[in-house]
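Below: the structure, in structure tokens.
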Amino acid sequence: MGAPVPWWRHRRLLPWLVQGVAGLGLLVLTAAVVTNLVRNLSHAGMLLSWRWLGTPAGFDLGESLIPFDASKPYWLALVSGLLNTLRVVAAGLVGSTLVGTAVGVASFSSNILLQRLARLYVALIRNSPLLMQLLFWYFIVFLSLPADQAAIQLPGLVLCRSGLYLIQPHLHLGQWQAHLQLSIEFMALFTGLVIYSGAFIAEVVRGGIASVPQGQWEAARALGLKPPQILRTIVLPQALRVIVPGLNNQYISLAKNSSLALACGYSDLYSVAETSLNQTGRAVEVVLLVLGSYLLIDLLISALMNGLNAFVQIKER
Amino acid sequence: MTALWRALRRGLFANPLDGLITIALLLLLGHGIRALVHWAVHQAQWTVIKANSTLLALGRYPEPDRWRLWLVLALLCSASGLSWGLLRGPGWPRPDRISATALSLLAGLLPLALDLEPRVRWSWLALAALLLIWRWAVGHCRPALPPWLLRCWPLIWPLVYLLGMALIAGCPGLKPVPPTLWGGLLLTLVEACFAWLMCFPLGVLLALCRRSDLPLLRWGAVVYIELIRGAPLITLLFLGQNMLGFVLPGGLSPDRVWRAAWVLTLFAAAYVAEAVRAGLASVPRGQIEAARALGLNPLQTQARVVLPQALKVALPSLVGQFITLFQDTTLLSLIGLMDLLGTARSVLANPQFLGRNAEVYLVLAVLFWSCCTALALGSRALERRLRHEPSATQP
Chain Z
44 MGAPVPWWRH
54 RRLLPWLVQG
64 VAGLGLLVLT
74 AAVVTNLVRN
84 LSHAGMLLSW
94 RWLGTPAGFD
104 LGESLIPFDA
114 SKPYWLALVS
124 GLLNTLRVVA
134 AGLVGSTLVG
144 TAVGVASFSS
154 NILLQRLARL
164 YVALIRNSPL
174 LMQLLFWYFI
184 VFLSLPADQA
194 AIQLPGLVLC
204 RSGLYLIQPH
214 LHLGQWQAHL
224 QLSIEFMALF
234 TGLVIYSGAF
244 IAEVVRGGIA
254 SVPQGQWEAA
264 RALGLKPPQI
274 LRTIVLPQAL
284 RVIVPGLNNQ
294 YISLAKNSSL
304 ALACGYSDLY
314 SVAETSLNQT
324 GRAVEVVLLV
334 LGSYLLIDLL
344 ISALMNGLNA
354 FVQIKER
Chain D
-5 MTALWRALRR
5 GLFANPLDGL
15 ITIALLLLLG
25 HGIRALVHWA
35 VHQAQWTVIK
45 ANSTLLALGR
55 YPEPDRWRLW
65 LVLALLCSAS
75 GLSWGLLRGP
85 GWPRPDRISA
95 TALSLLAGLL
105 PLALDLEPRV
115 RWSWLALAAL
125 LLIWRWAVGH
135 CRPALPPWLL
145 RCWPLIWPLV
155 YLLGMALIAG
165 CPGLKPVPPT
175 LWGGLLLTLV
185 EACFAWLMCF
195 PLGVLLALCR
205 RSDLPLLRWG
215 AVVYIELIRG
225 APLITLLFLG
235 QNMLGFVLPG
245 GLSPDRVWRA
255 AWVLTLFAAA
265 YVAEAVRAGL
275 ASVPRGQIEA
285 ARALGLNPLQ
295 TQARVVLPQA
305 LKVALPSLVG
315 QFITLFQDTT
325 LLSLIGLMDL
335 LGTARSVLAN
345 PQFLGRNAEV
355 YLVLAVLFWS
365 CCTALALGSR
375 ALERRLRHEP
385 SATQP
């Protein structure tokens, strides 16, 4: 037999040794970070405090769902930013699901042109950075819209540089007004997110449809069903079991990507937080609030999607 | 002819609805392409690109030290040619011929289109020639090379990076160039390459920890990965810029450029870890048991048996992560760094080029798109090659 095993390589001891070393390392790192943080913060006179949240913000927001002006406190500005984020995320989820499903289904079309265009869309969008796309939509498309007087008018819809007006738009003192008004900042972010996430969701949908065995299509055709009917009643219900888990990831990245709103001037949570930090210098508190909010949004989406997933999975009998 | 006609009819005009869709799409496409061509030829003013091509490529890198960047490019071309030759062997199959032609055309025509000086134009051609010569020479010699060399070649990339950084930033004997002067494509590539090289080992380590039997390591990795994946990159970059100074002992805080590079690395590592974890999960349990039965210790089992198979499976999603990372570097412009997009925005803020958004963003988009597509195509070729190699899982 070879040399005896050294004591530290004993089967029971080794795992504890490794964990002990790792734990000690983590502990030392955390301690160093916390002591440095406390020392540097107290040096700068900025120890953790939440009192600044109640002081007037002193800046105005481009748009807000709740009444807001510069005299309102910081916490209200942050809540307003959060609501703006939730608004664009909710609209984006619906929009990108519609676009993604349409394009995903189109990539199985019998029409070669439609099929190729669907693939081209996915290839073009997925390989260029989202930030560039947002800048494109804001600076090149939406900022070059005509002014109020020369607005693009369709039945029930008016589009011009001051925004999109839906549901009974009418001119009032040279300005458009309607029941639903959306700013071009919102529209640019919304369009960018929908087009970008739509390409990723199209791939998820395509993968889901491809996972349904060919025999299912053939059997449905043999029963005399029409293609749209086959898709709706046979293929999509089965594909959904593969699609829903994939959608969860895409929805979460859409929520995170909405933080690029800064690029097109939309006052979402992150851009309000950045302004607040620049004014107050409260780095730790602001970062904690923002990270916590995004984690909550992610958890919310995950919880909803898990519910949906439980609903579409095969019920074992 | 009739066969083609029949195929077209079946593909485009199978029934009235199909025909209607086809005609509508053709009209839309025709209109779009005509408008784009009209804009590109008549309305766009491409002088903004010609006048700023050097700024977009290098930022404010000092003029007398630019020869160092040419040297870095030569190193990069040699390494690429070497890798290409080692991967493909002596022949020149069709994809290789197409890539070589495209590369030579690009090196010849792009500097011409940008109105660069003749000296610079010739340098680009020389660089392309260097790459192709390495490809040819190494491909030719590959059958004669010892197998250990074939296994070790990926190691030249970290080496090229270290040498390149020494040349770019300056080392003993060379004048230092501070990171504040790097900009444009140069800064984008420096950041992306640093993050690519560093996030890979970190990600593998995190994935191994997450699948480990030791609860402390497992939970540490889980908490780290999930926290990072739950946060938008921009907030983390913001955290890096604003809080790193508070966390480190006074005066030790790295430069803004390197802070951002570390945040990118730590961010990408969490995603790489998930990709590697999926690969690890695909390795059959029997492989580990067999390795243990042969007397390999846990470290050897992972390094020699499990990881090679897992990485092969994880390759497509790893390259996907690398592509995303490259695209994510654009976010640096939002925290005030002069990367490619940041430089472009500073050019657009210049009153002389006001309103030239479309030209600049279009060029940037084409650049990013072709880089990402080239990466994706390259990874697909590598994947195909790895699939043909004899592997442990196949009998």
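Listed in order, the protein sequences are those of chains Z and D.
Under this note's numbering, the first residue of the first sequence is numbered 44, with each subsequent residue one higher.
Under this note's numbering, the first residue of the second sequence is numbered -5, with each subsequent residue one higher.
From the three backbone atoms N, C-alpha and C, an ideal C-beta is built for every residue, glycine too.
Within the 8 Å Cβ cut-off, does Ala370/D reach chain Z? Here residue 370/D corresponds to residue number 376 of the second sequence, with the count starting at 1. Chain Z, which has a Cβ nearer than 8 Å to the Cβ of Ala370/D, makes this yes.
Would you mind stating whether Leu76/D and Trp128/D have Cβ atoms separated by less than 8 Å? For this step, residue 76/D is matched to residue 82 along the second sequence. For this step, residue 128/D is matched to residue 134 along the second sequence. Contact flag set, yes.
Short check: CB of Tyr55/D to CB of Leu156/D, under 8 Å? As a working note, residue 55/D is residue 61 in the second sequence. As a working note, residue 156/D is residue 162 in the second sequence. The answer is no: Cβ separation not under 8 Å.
On the DSSP bridge assignment, give the partners of Cys203/Z in chain order. Here residue 203/Z corresponds to residue number 160 of the first sequence, with the count starting at 1. Gly206/Z, per the DSSP bridge assignment.
Name the two residues that bound the continuous alpha helix (DSSP H) containing Leu320/Z. Position 277 of the first sequence, counted from the first residue, corresponds to residue 320/Z. Taken as a continuous stretch (DSSP letters only), the alpha helix (DSSP H) holding Leu320/Z covers 312 to 323.
Taking the continuous beta strand (DSSP E) assigned at Ile195/Z, which residues delimit it? The sequence position of residue 195/Z within the first sequence is 152, counting from 1. Note, Ile195/Z: beta strand (DSSP E), 195 to 197.
Ala267/D and Ala225/D: beta carbons closer than 8 Å? Taking the first residue of the second sequence as position 1, residue 267/D is located at position 273. Taking the first residue of the second sequence as position 1, residue 225/D is located at position 231. No, Cβ-Cβ distance for Ala267/D and Ala225/D is not below 8 Å.
Quick test of your reading: Tyr164/Z and Ser319/Z, contact by CB under 8 Å. State the CB separation rounded to the nearest angstrom. Your numbering for residue 164/Z matches position 121 in the first sequence. Your numbering for residue 319/Z matches position 276 in the first sequence. Actually they do not touch by this definition, with Cβ atoms about 38 Å apart.
Going by C-alpha distance, which of Phe7/D, Gly372/D, Leu334/D, Glu377/D is nearest Leu356/D? Numbered from its first residue, the second sequence carries residue 356/D at position 362. Minimum Cα-Cα distance from Leu356/D among the listed residues Phe7/D, Gly372/D, Leu334/D, Glu377/D corresponds to Leu334/D.
Going straight from the alpha carbon of Arg62/D to that of Leu199/D, what length do you get? Residue 62/D sits at position 68 when you count from the first residue of the second sequence. Residue 199/D sits at position 205 when you count from the first residue of the second sequence. Distance between the alpha carbons of Arg62/D and Leu199/D is about 35 Å.
Cutting at 7 Å between CB atoms, please list the residues of its own chain near Arg286/D, excluding the five before and the five after it. For the purposes of this step, residue 286/D is taken as residue 292 along the second sequence, with counting starting at 1. Excluding residues within five positions, the ones whose Cβ falls inside 7 Å are Thr295.
With a floor of 3 residues, list each beta strand (DSSP E) that falls wholly inside the region 131 to 166 of chain Z, ordered by position along the chain. none
In the DSSP output, which residue or residues are listed as bridge partners for Gly53/D? By 1-based counting over the second sequence, the position of residue 53/D is 59. Looking at the DSSP assignment, Gly53/D forms a beta bridge with Trp176/D.
Contacts that Ile228/D makes with chain Z (C-beta to C-beta distance below 7 Å): For this step, residue 228/D is matched to residue 234 along the second sequence. Here the neighbours are Ser302, Leu303, Tyr313.
If I'm right that Glu185/D touches Ala262/D with Cβ under 8 Å, what's the distance once you round it to whole angstroms? To locate residue 185/D, count along the second sequence from 1; it is residue 191. To locate residue 262/D, count along the second sequence from 1; it is residue 268. The pair is not a contact, with the Cβ atoms about 11 Å apart (cut-off 8 Å).
Closest to Arg223/D by CA distance: which of Leu339/Z, Leu56/Z, Ala326/Z is it? Sequence index remark: in the second sequence, residue 223/D carries index 229 (1-based). Of the candidates Leu339/Z, Leu56/Z, Ala326/Z, the one whose C-alpha sits nearest the C-alpha of Arg223/D is Leu339/Z.
Kindly indicate which three-state DSSP category Asp112/Z falls into: helix, strand or coil? Counting from one through the first sequence, the residue named residue 112/Z turns up at place 69. The answer is coil: DSSP assigns Asp112/Z none of H, G, I, E or B.
If you reduce the DSSP assignment to three classes, tell me which class Ser385/D lands in. Here residue 385/D is taken as the residue at index 391 of the second sequence, counted from 1. Because Ser385/D sits at a pLDDT of 47, beneath the cut-off of 50, its placement in the model cannot be relied upon, and the following sentence gives the value as read from the coordinates. If DSSP states are grouped into helix, strand and coil, Ser385/D belongs with coil.
Pairwise C-alpha distance: Tyr294/Z and Thr276/Z: On the first sequence, residue 276/Z is found 233 positions in, with the first residue counted as 1. On the first sequence, residue 294/Z is found 251 positions in, with the first residue counted as 1. One C-alpha to the other measures close to 25 Å.
Give a yes or no on whether the minimum CB-CB distance between Gly280/D and chain Z is below 8 Å. Reading the second sequence from its first residue, position 286 is the one you call residue 280/D. Under the Cβ distance rule, Gly280/D does not count among the residues neighbouring chain Z, no pair being separated by less than 8 Å.
Taking the straight line between their C-alpha atoms, what separation do you get for Ile155/Z and Arg4/D? Within the first sequence, numbered from 1, the residue matching residue 155/Z stands at position 112. Within the second sequence, numbered from 1, the residue matching residue 4/D stands at position 10. Rounded to whole angstroms, Ile155/Z to Arg4/D spans 9 Å at the Cα level.
Compile a chain-ordered list of the residues in the region 345 to 367 of chain D whose CB is closer than 8 Å to at least one CB of chain Z. Asn351, Ala352, Tyr355, Leu358, Ala359, Phe362, Trp363, Cys366, Thr367
Distance, Cα to Cα, Gln220/Z vs Ala264/D? As a working mapping, residue 220/Z is identified with position 177 in the first sequence. As a working mapping, residue 264/D is identified with position 270 in the second sequence. Rounded to whole angstroms, Gln220/Z to Ala264/D spans 47 Å at the Cα level.
Would you mind telling me which residues of chain Z sit closer than 8 Å to Gly214/D, beta carbon to beta carbon, in chain order? The sequence position of residue 214/D within the second sequence is 220, counting from 1. Result: Ala65, Leu69.
List the residues of chain D that Phe243/Z touches, going by C-beta distances under 8 Å, in chain order. As a first step, residue 243/Z is located in the first sequence; it is residue number 200 there, counting from the start. Close to Phe243/Z, with beta-carbon spacing below 8 Å, lies no residue of chain D; the smallest spacing is near 11 Å.
Using the Cα positions of Arg82/D and Pro302/D, report the straight-line distance between them to the nearest angstrom. Along the second sequence, one-based indexing puts residue 82/D at 88. Along the second sequence, one-based indexing puts residue 302/D at 308. If I take the Cα positions, the gap works out to 20 Å.
At a CB distance below 8 Å, what residues from the region 231 to 251 of chain D approach chain Z? Give them in sequence order. Phe232, Leu233, Asn236, Met237, Gly239, Phe240, Val241, Leu242, Pro243, Gly244
Going by Cα to Cα distance, which pick from Val217/D, Leu369/D, Ala34/D is closest to Ser311/D? For the purposes of this step, residue 311/D is taken as the residue at position 317 of the second sequence. With distances taken between Cα atoms, Ser311/D lies closest to Leu369/D.
Across which residues does DSSP place Gln224/Z in a beta bridge pair? Indexing the first sequence from 1 puts residue 224/Z at position 181. Answer is Tyr208/Z.
Residue environment, Ala189/D, which counts as buried when at least 16 other CB atoms sit within 10 Å: Translated into the one-based positions of the second sequence, residue 189/D becomes position 195. Ala189/D should be labelled buried.
Under the three-state DSSP convention, the category Ser147/D falls into: For the purposes of this step, residue 147/D is taken as the residue at position 153 of the second sequence. Correcting the residue identity first, residue 147/D is Trp in this sequence and not Ser. Three-state result, Trp147/D: helix.
Taking the straight line between their C-alpha atoms, what separation do you get for Ser47/D and Val237/Z? If you number the second sequence from 1, residue 47/D lands on position 53. If you number the first sequence from 1, residue 237/Z lands on position 194. Here the alpha carbon of Ser47/D sits roughly 32 Å from the alpha carbon of Val237/Z.
Could you please tell me which residues of the region 71 to 97 of chain Z, in chain order, have their CB closer than 7 Å to any CB of chain D? Val76, Asn79, Leu80, Asn83, Leu84
Is the beta carbon of Leu141/Z closer than 8 Å to that of Leu177/Z? The sequence position of residue 177/Z within the first sequence is 134, counting from 1. The sequence position of residue 141/Z within the first sequence is 98, counting from 1. Cβ atoms of Leu177/Z and Leu141/Z: not closer than 8 Å.
Using a C-beta cutoff of 8 Å, does Tyr337/Z count as contacting chain D? Walking along the first sequence from the start, residue 337/Z turns up at place 294. Yes - at least one Cβ of chain D is within 8 Å of the one on Tyr337/Z.
I want to know whether the region 185 to 196 of chain Z touches the region 210 to 219 of chain Z - three or more CB-CB distances under 8 Å. Contact between the region 185 to 196 of chain Z and the region 210 to 219 of chain Z is present, with at least three C-beta pairs closer than 8 Å.
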